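Chemist: Numbering-wise, the sequence shown is residues 7 to 398 according to our numbering. Note that the Cβ used here is the ideal one computed from N, Cα and C, for glycine as well. Small disclaimer: the values here were computed from a predicted structure and weren't measured.
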Amino acid sequence: MRHRKHKYGAGYRLSAEVKAPTPSLLRAAQIGVLRYDAPIAQSALDAHARAAIPAPPSSASSVDASAPSQLASSTANPASPQSASLASTPAPSQVSSSTEAPTRPDSSTSSDASASDKSALLVLSYGASTKESAALAIEPTIREIAEANPTADIFQAYSSQVMINHMKSRAGEEMPTLAEALETLIANGYTRVAITTTHFLPGVEYERAVETFNAYKSRFRRLVLGTPLLYWMGQEDQRDDVADFVAALRESLDAQAADEAVLFMAHGTLHPTNAFYTVMQGAIESAGWHNAFVYTINGHPRLMDVVPLLKSRGIKRVRLVPLMMAVGIHVTRDMAGDGEKSHKHVLEREGFDVTLDTRGLGEREAVRRLYVERANEAWDALMGEDVATDDE
7 MRHRKHKYGA
17 GYRLSAEVKA
27 PTPSLLRAAQ
37 IGVLRYDAPI
47 AQSALDAHAR
57 AAIPAPPSSA
67 SSVDASAPSQ
77 LASSTANPAS
87 PQSASLASTP
97 APSQVSSSTE
107 APTRPDSSTS
117 SDASASDKSA
127 LLVLSYGAST
137 KESAALAIEP
147 TIREIAEANP
157 TADIFQAYSS
167 QVMINHMKSR
177 AGEEMPTLAE
187 ALETLIANGY
197 TRVAITTTHF
207 LPGVEYERAV
217 ETFNAYKSRF
227 RRLVLGTPLL
237 YWMGQEDQRD
247 DVADFVAALR
257 ESLDAQAADE
267 AVLFMAHGTL
277 HPTNAFYTVM
287 QGAIESAGWH
297 NAFVYTINGH
307 PRLMDVVPLL
317 KSRGIKRVRL
327 VPLMMAVGIH
337 VTRDMAGDGE
347 KSHKHVLERE
357 GFDVTLDTRG
367 LGEREAVRRL
377 YVERANEAWD
387 ALMGEDVATD
397 DE
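#1: Which value, in whole angstroms, describes the spacing of the CA atoms of R149 and K317?
#2: Below 8 Å on the Cβ atoms is my guess for L376 versus F282; work out the distance and round it to an integer in Å.
#3: Taking only the alpha-carbon atoms, compute the straight-line gap between V333 and G288 and give it to the nearest angstrom.
#4: May I ask you to report which of helix, strand or coil DSSP gives I201?
#5: What number of angstroms, rounded off, separates the C-alpha of V268 from the C-alpha of G38?
#6: Who are L231's beta bridge partners in DSSP?
#7: In terms of residue numbering, what span does the beta strand (DSSP E) encompassing Y301 cover?
#8: Does the segment 179–195 come within contact of the segment 211–220, defined as at least 3 CB pairs closer than 8 Å?
#9: Does DSSP put S99 in a helix, a strand or coil?
#10: Looking at the structure shown, is I321 part of a helix, part of a strand, or coil, going by DSSP?
#11: Using three-state DSSP, classify L269 as helix, strand or coil.
#12: In this structure, what does DSSP give as the bridge partners for Q162?
#13: State the CB to CB distance for the pair G274 and M330, rounded to an integer number of angstroms; the pair is presumed to be in contact (CB under 8 Å).
#14: What distance in whole Å lies between the Cβ atoms of A154 and E257, which are believed to be in contact at a cut-off of 8 Å?
#15: State whether the segment 374–389 contacts the segment 344–351, with contact taken as three or more CB pairs (one from each stretch) at a distance under 8 Å.
#16: Buried or exposed: which applies to E391, given that a residue is buried once 16 or more other Cβ atoms fall within 10 Å of its Cβ?
#17: CB-CB under 6 Å to A249, same chain, minus the five flanking residues each way: which ones, in chain order?
#18: Taking only the alpha-carbon atoms, compute the straight-line gap between I201 and E179 and give it to the nearest angstrom.
#19: Residues in the same chain with beta-carbon distance under 6 Å from L229, minus the five sequence neighbours each way, listed in chain order, please.
#20: Can you check DSSP and say which residues form a bridge with V327?
#21: My output table needs one value for L388: the three-state DSSP class, helix, strand or coil.
#22: By how many angstroms is the C-alpha of P146 removed from the C-alpha of Q36?
#23: CB-CB under 7 Å to E369, same chain, minus the five flanking residues each way: which ones, in chain order?
#24: Use the C-beta contact count for L315: other C-beta atoms within 10 angstroms, 16 or more gives buried, fewer gives exposed.
#25: So the candidates are P328, A177 and S165; which of them puts its Cα closest to the Cα of M271?
#26: Quick one: residues in its chain with C-beta nearer than 6 Å to the C-beta of I170, no 5 flanking neighbours on either side, listed in chain order?
#27: What is the DSSP secondary structure of V333, counted as helix, strand or coil?
#28: So, for K174: in the same chain, excluding its five sequence neighbours on each side, which residues have a beta-carbon less than 7 Å away from its beta-carbon?
#29: Using the Cβ count rule (16 or more neighbours within 10 Å means buried), how would you classify M341?
#30: How would you write the range of the beta strand (DSSP E) that D359 sits in, first residue to last?
#31: For my contact list, V313 and E356 are in at a C-beta cut-off of 8 Å; report their separation, rounded to the angstrom.
#32: Using the three-state DSSP reduction, which class does M239 fall into: helix, strand or coil?
So, in structure tokens, the structure goes:
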């Protein structure tokens, strides 16, 4: 007997649990914004008792509460976050927010937050290799997150040890890892923390953040981890992060000439999330954006996969644009450098006239709006109502 397809095109029906997943299923599957609520008995632990709990084995290192905190903050100049010690001051240092913050519902008086709770919003980024690069891309993003959440104590951490080492050796600044930042927040009495990330994809760096989240969640009354810039793709009534990002990216660029192609350089990864670049290419084409292509340094597709497409369309002019939060060596050397292997020189040898737009994603106002949305989502999850958890 010939198999009969359903009228909606599939040979099966999705269960209601999959189409409208419950909070318990989302937590179990580690999908979307992650939120841990401590069981009632554990939520009664005071800061001193929690700080005395040994650090999880998976954490990068334990931070002594007497040591200088590596959380970046500022109370004087919101445009220039700088290192400050939480442990040495009675009140938390924080990134100052603008007096003209965008109006959002005040979530600081959530019914489930006791007067003894201290809440923080921790911005986790891959990091920057120089102070100048951080000032151009990361600091403006953190500042706008602070402006959108004026009741939040804002802190930051880096996920890349390489970037942490660069900042220490080149700028003399101590930046914390996520584990170190959480240790210091615990030592200073924070019981509720929302982590928002500026990572591009839910790849290796984000999975490390999830691992740290799981290792530390039992030491907080509530711990939240938001999603990266690209996560949902419009499935089952979720928002389409890829389409939104493509629209914001297009808004941030100068006008494209009819005979010009725009090439977006991404890092690429061995992680399965490298497939996001193919999804992004599809979103570009669905938006009717002609002669715009994504390529990667360490994934697929590569630059030389795109060159034949350019030639087949008679393209003579190419603009190179990085898909990276902050500008570093991949942009200055690999994309725009003077070396024979730089992408600029490779394309010039292939006969193209090349121009450069070397701004990082954090330097683009339209893209920063998306980072703020991710932060708002994480903060709202932190300040929301209590829900029954699988741990209770």
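Modeler: This is what the structure gives:
#1: Along the sequence shown, one-based indexing puts residue 149 at 143. Along the sequence shown, one-based indexing puts residue 317 at 311. Their backbone Cα atoms lie some 43 Å apart in a straight line.
#2: Numbered from 1 along the sequence shown, position 370 holds the residue referred to as residue 376. Numbered from 1 along the sequence shown, position 276 holds the residue referred to as residue 282. With a Cβ gap of about 15 Å, L376 and F282 do not count as contacting.
#3: What you label residue 333 is simply residue 327 of the sequence shown in a count that begins at 1. What you label residue 288 is simply residue 282 of the sequence shown in a count that begins at 1. The straight-line gap from Cα to Cα measures roughly 26 Å.
#4: Here residue 201 refers to the residue found at position 195 when the sequence shown is read from its first residue. I201 falls in the strand class under three-state DSSP.
#5: Translated into positions along the sequence shown, residue 268 becomes position 262. Translated into positions along the sequence shown, residue 38 becomes position 32. About 31 Å.
#6: For the purposes of this step, residue 231 is taken as residue 225 along the sequence shown, with counting starting at 1. In the DSSP output, where bridge partners are listed per residue, L231 has L40 and I201.
#7: For the purposes of this step, residue 301 is taken as the residue at position 295 of the sequence shown. It spans A298 to T302 - the beta strand (DSSP E) in which Y301 sits, taken as one unbroken run.
#8: Contact between the segment 179–195 and the segment 211–220 is present: 3 or more CB-CB pairs across the two stretches fall below 8 Å.
#9: Position 93 of the sequence shown holds residue 99. Bear in mind that the predicted position of S99 carries a pLDDT of just 33, short of 50, making it unreliable; the figure below should be weighed with that in mind. The answer is coil: DSSP assigns S99 none of H, G, I, E or B.
#10: For the purposes of this step, residue 321 is identified with residue 315 of the sequence shown, where counting begins at 1. Looking at I321 - three-state DSSP - the assignment turns out to be coil, as it is neither helix nor strand.
#11: Taking the first residue of the sequence shown as 1, we reach residue 269 at position 263. Residue state, collapsed to three classes: strand.
#12: Within the sequence shown, the letter at position 156 stands for residue 162. Paired residues: V129.
#13: To locate residue 274, count along the sequence shown from 1; it is residue 268. To locate residue 330, count along the sequence shown from 1; it is residue 324. In fact, because the Cβ distance is near 11 Å, the residues do not count as touching under 8 Å.
#14: Residue mapping note: residue 257 aligns to position 251 of the sequence shown, counting from 1. Residue mapping note: residue 154 aligns to position 148 of the sequence shown, counting from 1. At roughly 19 Å, the Cβ-Cβ gap does not stay under 8 Å, so E257 and A154 are not in contact.
#15: no
#16: Walking along the sequence shown from the start, residue 391 turns up at place 385. By the 10 Å Cβ count, E391 comes out exposed.
#17: For the purposes of this step, residue 249 is taken as residue 243 along the sequence shown, with counting starting at 1. Around A249: A289.
#18: As a first step, residue 201 must be located in the sequence shown, where it is residue number 195. As a first step, residue 179 must be located in the sequence shown, where it is residue number 173. Taking the straight line joining both Cα atoms gives about 22 Å.
#19: Start at 1 with the first residue of the sequence shown, and residue 229 comes out as number 223. Only Y42, V199 and K223 meet the Cβ criterion.
#20: Taking the first residue of the sequence shown as 1, we reach residue 327 at position 321. Bridge partners of V327: F270.
#21: For the purposes of this step, residue 388 is taken as residue 382 along the sequence shown, with counting starting at 1. Three-state DSSP puts L388 in a helix.
#22: The count along the sequence shown starts at 1 and reaches residue 36 at position 30. The count along the sequence shown starts at 1 and reaches residue 146 at position 140. So the alpha carbons of these two residues sit roughly 30 Å apart.
#23: Position 363 of the sequence shown holds residue 369. If we look at E369 and ignore the five residues flanking it on each side, its Cβ neighbours are L142 and A143.
#24: On the sequence shown, residue 315 is found 309 positions in, with the first residue counted as 1. Exposed: under 16 other Cβ atoms inside 10 Å.
#25: Translated into positions along the sequence shown, residue 271 becomes position 265. Nearest option by C-alpha distance: P328.
#26: Locating residue 170 in the sequence shown gives position 164, counting from the first residue. Excluding residues within five positions, the ones whose Cβ falls inside 6 Å are Y164 and M181.
#27: Reading the sequence shown from its first residue, position 327 is the one you call residue 333. In the three-state reduction of the DSSP assignment, V333 falls in the coil class.
#28: Here residue 174 is taken as the residue at index 168 of the sequence shown, counted from 1. Correct list, in chain order: E180.
#29: Position 335 of the sequence shown, counted from the first residue, corresponds to residue 341. Answer is buried; the Cβ neighbour count reaches 16.
#30: On the sequence shown, position 353 is the one that residue 359 refers to. Looking at the DSSP string, the run of the beta strand (DSSP E) that includes D359 is D359 to L362.
#31: Taking the sequence shown and counting its residues from 1, one reaches residue 313 at position 307. Taking the sequence shown and counting its residues from 1, one reaches residue 356 at position 350. Confirmed, about 6 Å.
#32: Along the sequence shown, one-based indexing puts residue 239 at 233. It is a strand residue.
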